[in-house]
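S.K.:
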Amino acid sequence: MKAVGISGSPREKSNSRSYLEFTLKALEERGIGTELVDLRGLRVEECHGCYSCAKSRECAVKDDFQAVFATMREADAILIAAPVYHASIPGKLKGLLDRAGFLGRWTANDIAAGQGSAGYQWKGTAFSGKVGAPITVARRAGHAFAFAQLLLWYGVNDFVVSGSHYWNVGVAGKGGAVNPEEDQEAYGILAHQAENIAALLKKIRA
Ligand SMILES: Cc1cc2nc3c(=O)[nH]c(=O)nc-3n(C[C@H](O)[C@H](O)[C@H](O)COP(=O)(O)O)c2cc1C
Numbered sequence: 138m139k140a141v142g143i144s145g146s147p148r149e150k151s152n153s154r155s156y157l158e159f160t161l162k163a164l165e166e167r168g169i170g171t172e173l174v175d176l177r178g179l180r181v182e183e184c185h186g187c188y189s190c191a192k193s194r195e196c197a198v199k200d201d202f203q204a205v206f207a208t209m210r211e212a213d214a215i216l217i218a219a220p221v222y223h224a225s226i227p228g229k230l231k232g233l234l235d236r237a238g239f240l241g242r243w244t245a246n247d248i249a250a251g252q253g254s255a256g257y258q259w260k261g262t263a264f265s266g267k268v269g270a271p272i273t274v275a276r277r278a279g280h281a282f283a284f285a286q287l288l289l290w291y292g293v294n295d296f297v298v299s300g301s302h303y304w305n306v307g308v309a310g311k312g313g314a315v316n317p318e319e320d321q322e323a324y325g326i327l328a329h330q331a332e333n334i335a336a337l338l339k340k341i342r343a
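The sequence shown begins at 138 in the numbering used here and counts up one residue at a time.
#1: Give me, in chain order, the residues of the same chain whose beta-carbon lies closer than 6 Å to that of K260; leave out the 5 immediate sequence neighbours on both sides.
#2: Quickly, what does DSSP pair A218 with across the bridge? List them, please.
#3: Taking 6 Å as the limit between beta carbons, can you name the residues of its chain near A197, skipping five residues before and five after?
#4: Looking at ligand 1, does it come within less than 7 Å of Y222, judged from the CB to the closest heavy atom?
#5: Taking 8 Å as the cut-off, decide whether the C-beta atoms of F296 and K267 are in contact.
#6: Can you give, in chain order, each stretch of the alpha helix (DSSP H) that sits fully within the region 177-248 and has at least 4 residues?
#7: Could you compute how far the alpha carbon of S301 sits from the alpha carbon of Y291?
#8: Could you tell me whether the region 225-244 touches the region 309-317, using the rule of 3 or more Cβ pairs below 8 Å?
#9: Do you know offhand how far G307's Cα is from A343's?
#10: Is the closest heavy atom of ligand 1 to the C-beta of R177 under 7 Å?
#11: So, is A219 buried or exposed, given that buried needs 16 or more other C-beta atoms within 10 angstroms?
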C-alpha cells in the first residue's frame, strides 16, 4: 500500500513540506510505502474549463499535471499539505485539484449524449475509496477555510477522509520562517493522523 503526499508550498524549504515529511515517515514506520510530490518547481496550470476531459478522458493542458495525476491514481492514500494564503490554498495547488478532480470523474464514467450528469451510470471516480487527509499551515489565521477547501475536494471526489484527535494544522511561518518545531502539538496530531490512515488502509484496502 502506498500513500502519496503532495506539498503545495512554492517555497524550497517549507513548513508544509516538513509536516508532510513527518507524517509520511510515521506512515513508513507503520509499513505503508510513501512518495512525496513537491509542486514547487513543477508546472501545473489552472483548469482551462474546456470540458475536453469529459470526452477524451485526458487533460488538454500539457504540463507536469499528467505525471502528478498518474502518481495520484496509483496511490491508496493522498495527503495534501498546503500553506494558507489569504485563508485559502495557493493557486498552483488549486489548479492541480481542479484538474485532477474533473478529469478523475470522466476517467471512470461515460455520459450518454445530451443528458449531462443525469445521463451517466455512476462508476466512481479515479479516487473512489482512496484515503485522504489534509494538512494546512498558517502563521496565525485562516486555517479552517483552507482546511475546509481540502475536505470539500476530498468529499466530492469519493475519498474516505481520515481525521485525528484535532484538525491537522500547523501554526508556523511568521515572517516567512521555516519553524515547524514551534508547534509541538502539531506533531502529536500528525502522528495520530498517520496511525488512523494506516489503520484505515489496512481495513479497507487490504
Ligand atoms: C501570499 C501569502 C498569503 C498568506 N496568507 C496567510 C493567511 O491568510 N493567514 C496566515 O496565518 N498566514 C498567511 N501567510 C503566511 C503563511 O501561511 C505561513 O508563512 C506558512 O508557514 C507558509 O507555509 P510554507 O512554509 O509551507 O510555505 C501567507 C503567506 C503568503 C506568502
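Here a beta-carbon is modelled for each residue, glycine too, at the ideal position from N, C-alpha and C.
M.R.: A quick look at the data gives this:
#1: The beta carbon of K260 is closer than 6 Å to those of A245, N246 in its chain, skipping five residues each way along the sequence.
#2: Bridge partners of A218: S144, I272.
#3: C187, S189.
#4: Ligand 1 has a heavy atom closer than 7 Å to the beta-carbon of Y222.
#5: Their beta carbons are under 8 Å apart, which means F296 touches K267 by this criterion.
#6: Counting only runs that start and end inside the region 177-248, the alpha helix (DSSP H) elements of at least 4 residues fall at 190-193, 202-211, 228-243.
#7: Each residue's Cα considered, the two are about 16 Å apart.
#8: Counting C-beta pairs with one atom in each stretch, the region 225-244 and the region 309-317 have fewer than three that are closer than 8 Å, which means they do not touch.
#9: Per the coordinates, the alpha-carbon of G307 lies some 31 Å from the alpha-carbon of A343.
#10: False, no ligand heavy atom lies under 7 Å from that Cβ.
#11: Buried is the call here.
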